[in-house]
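Quick notes on the structure that follows.
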Amino acid sequence: MMVMSGLEKSYDGRPAIADFSLDVQDDEYLTILGPSGSGKSTLLRLIAGLDRLDSGSITLNGEAITGKPSHLRGLGFVQQTYALFPHMSVRDNVSFGLRYRLVDPVQDEHEVARRCDAMLELVGLSGLGDRMVGQISGGQKQRVSLARTLVTEPKICLLDEPLGALDANLRERMTIELRHIRATLGVTFMHVTGNEAEALTMGDRLIVLDQGRAIQVDTPDRLFTRPATVAVAKLVNNYNILPGRVEGGGFQHGDSRLALPEPAQVAGYYVIRFDQVAIGGIGEEIASGMASMEAAFIASEFMGSRVIYFFRRPDGGVFEVERHLSRDDPEDYAQGETCALSWPLSQVLLYGGDGRLLDMPAAEGRLQ
Amino acid sequence: MSAVAERQIKSDAHKESFWRRNGQYLLLAPGVFWMLLFLVVPLIMMVYVSFWTQTTFAINSELTTKSWVTFFASETYFGALIRTLRIWLIVLALTFVIGYPTALFIGQFVRNKTVQTALLVTCVIPFWTSFLIRVLAWRPMLGKEGAINIVLQKFGLIAEPIEVLLFTELSVVIGMLQIYVVFMVGPIAFMLARIDESLLEAARDLGADAFTIFRKIIFPLSLPGVVVGAIFVSVMVLGEFATSAALSGRKVNLLGNIIVTQVGSLKWAFAAVIGVVLTAVMAIVITGLLRVVNLRKEL
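As given, the protein sequences belong to chains A and B, one line each in that order.
The first sequence begins at 41 in the working numbering and counts up one residue at a time.
The second sequence begins at 520 in the working numbering and counts up one residue at a time.
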């Protein structure tokens with residue numbers, strides 16, 4: 041188990057990591073999600089010992105590693121750029137750590153070869169060991185980089201946007217394989233990504249990092265259904281976030297007044313998930329327990345199994361509606377056509393002016 | 520259409536496509552012409568002349584191997600070849616020993632590109648004075664009553680001036696080293712600066728200490744630079760004559776010095792023999808160095 045407490049790091053007076061504390065369990069898949077510039081790569085570099093902490097401490101299985109140099113920490117770091125040694129074959133790359141580490145190097149070449157082969161097989165690269173790294177594809181490089189780190193049996197494996205440079209197809213396959221490889225070895229993965237879908241699929245636990253702070257640590261489904269702050273909701277990229285204020289028992293957003301799930305709260309943001317919204321004609325009756333708003337249709341995007349409709353909100357912002365084709369048929373709207381968008385009140389999330397999710401006890405059970 | 524006309528059109532098409540296909544080679548024509556006239560022809564001439572018959576005051580084109588026999592039989596001349604090779608190896612080794620750490624500092628420990636460039640420019644500042652002046656400047660430095668001896672004597676470190684400093688092989692080596700070390704530093708520093716920082720981080724993270732990282736990552740990746748530097752230094756040192764003439768008091772005769780003397784006394788055939796030998800030595804050295812790394816792949 042790794043315990044981080046009060047990590048701080050700033051560059052030129054600008055904080056990159058601020059007051060970051062987290063306990064990392066054994067045998068778990070942890071994803072760290074954050075927009076670019078949120079300090080997620082910095083965090084990994086600090087843990088790996090590639091950058092120095094300003095303050096704070098890291099202990100690994102009870103042993104303080106804060107001041108230890110990188111090569112004595114026993115952590116693995118898979119670089120975003122793979123960082124394969126270009127003058128070596130795949131096999132020599134993978135064997136590097138076993139052969140040349142300062143602590144407990146493996147002297148027996150047979151043993152090195154055996155463990156190297158086993159690892160190459162696990163990552164699906166059997167038979168490519170003798171290729172030079174210039175002769176393999178991007179996806180294969182990614183696997184070599186992963187194998188090179190994992191073969192040294194690190195206590196925790198840090199992955200810096202490991203799928204960032206892969207194309208969509210390969211990315212999807214690697215998400216499954218990464219989980220499989222991790223489960224096989226039982227090693228803890230800390231996986232940094234800027235892609236919300238990747239973070240949600242991969243992690244047992246998900247950490248959302250914003251401006252160097254962990255703003256939410258939760259399981260993916262809780263994080264997805266109940267983002268702790270507006271920033272998280274924005275990052276999850278599945279929510280319409282409507283700014284405004286509570287007035288006269290409703291939520292005043294621009295010119296429209298939206299119904300509130302519970303009366304008389306102070307709220308700064310009214311948040312509703314894309315796929316909870318129904319599109320109806322103007323003048324259609326709104327059922328009780330529903331809120332509605334009028335908006336003008338802009339365009340739609342066909343995504344295969346679902347369609348995303350974009351509407352212009354009265355205040356000029358964009359309102360997105362997601363329709364899963366397994367439940368509804370796609371519909372066409374004329375450009376500029378005004379529609380009535382409606383959603384169940386039970387699905388509304390309210391955030392205070394400071395961006396924090398307002399405590400709605402009743403909300404716990406009713407959210408899907 | 521008649522068959523003749525058809526053939527005519529076909530051959531026209533063929534003609535046009537020939538020029539279109541090979542027109543780009545015209546770009547090479549001036550260069551090829553120049554190299555043929557001033558490199559290839561003289562090289563062939565040199566080999567040819569080396570077999571001419573040399574008498575004391577004249578040379579005629581009757582073919583003989585007499586000059587070649589003289590070269591390999593004579594202690595003086597063959598000795599010069601051995602001396603040239605020895606000095607070349609010493610200078611090459613020392614430029615590497617002195618140049619590599621310097622290049623390592625500039626290429627790896629200075630991370631700021633501007634400072635890197637500034638340091639490399641600093642290395643070539645000596646080149647702002649002429650080659651001969653730089654060589655001759657060693658005389659007042661190394662001489663019996665030169666700067667080094669005076670300083671050492673002033674501090675009482677030596678009683679008598681050190682005479683071995685000037686007009687010996689040592690002074691030739693010192694002079695060449697000062698001139699050529701920068702040709703080693705440049706290419707190596709360039710290769711070292713190109714090494715991606717993330718490779719070293721990855722190696723460190725895999726548990727390797729600094730020395731292992733140098734041995735297994737940094738040095739192998741800088742080898743192309745070492746080879747390029749070694750080629751520069753080799754080619755220049757093997758053909759050297761000015762430094763040895765100025766700093767050895769005519770005691771250290773390299774192949775280059777002998778060519779100068781032979782040409783001076785109009786012994787063209789013999790000068791040609793040495794020229795051929797020198798060219799062959801350089802070709803072998805360069806081929807050997809290129810065997811060390813596959814430059815085409817690395818650069």
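Built from N, CA and C at the ideal position, the CB exists for glycine as well.
It should be emphasised that the depicted structure is a prediction, and the values quoted were computed from it without experimental measurement.
Give me the Cβ distance between residue i and residue j, rounded to the nearest whole Å; I'm assuming they're in contact under 8 Å.
i: A/Tyr-309; j: A/Val-270; result: 5 Å
i: A/Leu-198; j: A/Val-118; result: 7 Å
i: A/Phe-351; j: A/Leu-381; result: 7 Å
i: A/Leu-249; j: A/Ser-78; result: 5 Å
i: B/Val-568; j: B/Ala-788; result: 6 Å
i: A/Thr-378; j: A/Ala-239; result: Not really, about 36 Å apart at Cβ, beyond 8 Å.
i: B/Leu-600; j: B/Leu-774; result: 6 Å
i: A/Pro-267; j: A/Gln-316; result: Not quite, the Cβ-Cβ distance comes to about 14 Å (not below 8 Å), so this is no contact.
i: A/Leu-414; j: A/His-293; result: There is simply no residue 414 of chain A to check, as chain A begins at 41 and stops at 408 in what is shown.
i: B/Val-704; j: B/Ala-612; result: Actually they do not touch by this definition, with Cβ atoms about 15 Å apart.
i: A/Leu-112; j: A/Val-143; result: 6 Å
Between residue i and chain A, is the shortest Cβ-Cβ distance under 8 Å, so that the two count as touching?
i: B/Ile-736; result: yes
i: B/Leu-809; result: no
i: B/Pro-706; result: no
i: B/Arg-723; result: yes
i: B/Gly-726; result: yes
i: B/Leu-623; result: no
i: B/Ser-741; result: no
i: B/Thr-633; result: no
i: B/Ser-717; result: yes
i: B/Glu-594; result: no
i: B/Thr-572; result: no
If you drop the 5 nearest sequence neighbours on each side, which residues of the same chain put their C-beta closer than 6 Å to that of residue i?
i: A/Lys-370; result: Residue identity differs from the one stated: residue 370 of chain A is Pro in this sequence, not Lys. Around A/Pro-370: Val-347.
i: B/Ile-617; result: Val-700
i: A/Gln-408; result: The pLDDT assigned to A/Gln-408 is 47, lower than 50, so where the model puts this residue is not dependable; a value taken from the coordinates is nonetheless given after this. Taken in chain order, the list of residues that qualify is empty.
i: B/Leu-808; result: Val-746, Ala-749, Ile-750
i: B/Glu-581; result: Thr-572
Give every residue of the same chain whose Cβ lies closer than 7 Å to the Cβ of residue i, excluding the five residues on either side of it in the sequence, and list them in chain order.
i: A/Leu-210; result: Gly-179
i: A/Leu-162; result: Ile-221, Thr-224
i: A/Leu-275; result: Leu-73, Pro-75, Glu-236, Val-248
i: A/Ser-110; result: Ala-88, Gly-89, Leu-90
i: A/Thr-192; result: Gly-116, Gly-137, Leu-138, Arg-141
i: A/Glu-362; result: Phe-314, Asp-315, Arg-346, Ile-348
i: A/Leu-290; result: Correcting the residue identity first, residue 290 of chain A is Gly in this sequence and not Leu. Around A/Gly-290: Arg-297, Leu-298, Ala-299, Leu-300.
So which of the options has the shortest CA-CA distance to residue i?
i: A/Ala-88; options: A/Met-42, A/Gln-316, A/Ser-135, A/Gly-102; result: A/Met-42
i: A/Pro-354; options: A/Ser-185, A/Gly-344, A/Ala-336, A/Phe-342; result: A/Ala-336
i: B/Tyr-619; options: B/Thr-584, B/Ile-693, B/Tyr-596, B/Pro-739; result: B/Pro-739
i: B/Val-745; options: B/Ala-708, B/Asn-579, B/Ala-765, B/Thr-572; result: B/Ala-708
i: A/Leu-165; options: A/Asp-368, A/Asp-372, A/Arg-183; result: A/Arg-183
i: A/Pro-202; options: A/Asp-170, A/Glu-68, A/Ala-104, A/Met-242; result: A/Met-242
i: B/Leu-684; options: B/Gln-697, B/Glu-664, B/Phe-702, B/Leu-613; result: B/Glu-664
i: B/Pro-659; options: B/Glu-682, B/Ala-727, B/Phe-730; result: B/Glu-682
i: B/Val-752; options: B/Ser-767, B/Phe-615, B/Thr-574; result: B/Phe-615
i: A/Ser-340; options: A/Glu-334, A/Gly-288, A/Gln-375, A/Ile-326; result: A/Gln-375
i: A/Met-44; options: A/Ser-95, A/Tyr-69, A/Asp-52; result: A/Ser-95
Say whether chain B places a C-beta atom closer than 8 Å to the C-beta of residue i.
i: A/Val-64; result: no
i: A/Gly-137; result: yes
i: A/His-231; result: no
i: A/Leu-162; result: no
i: A/Thr-269; result: no
i: A/Glu-193; result: no
i: A/Val-152; result: no
i: A/Gly-405; result: For A/Gly-405, the predicted structure reports a pLDDT of 48, less than 50, and the residue's modelled location is therefore unreliable. A value from the coordinates is still provided. Closer than 8 Å: no.
i: A/Tyr-51; result: no
i: A/Arg-141; result: yes
i: A/Arg-352; result: no
i: A/His-220; result: no
i: A/Arg-188; result: yes
So, for residue i: in the same chain, excluding its five sequence neighbours on each side, which residues have a beta-carbon less than 8 Å away from its beta-carbon?
i: B/Ile-778; result: Phe-760, Ala-790, Ile-793, Gly-794, Leu-797
i: A/Phe-125; result: Asp-132, Asn-133, Phe-136, Val-173
i: A/Ala-56; result: Lys-49, Ser-50, Gly-79, Thr-82, Gly-252
i: A/Ser-345; result: His-364, Leu-365, Ser-366
i: A/Lys-195; result: Met-42, Leu-100, Asn-101, Gly-114, Leu-115, Val-227, Thr-228
In chain C, which residues lie with their C-beta within 9 Å of the C-beta of residue i?
i: B/Glu-720; result: Although the question refers to chain C, the structure presented lacks it and instead comprises the protein chains A and B.
Does the count of Cβ pairs from the region 651 to 660 of chain B and the region 728 to 737 of chain B closer than 8 Å reach three? no
The region 142 to 151 of chain A / the region 119 to 128 of chain A touching (three or more Cβ pairs under 8 Å): no
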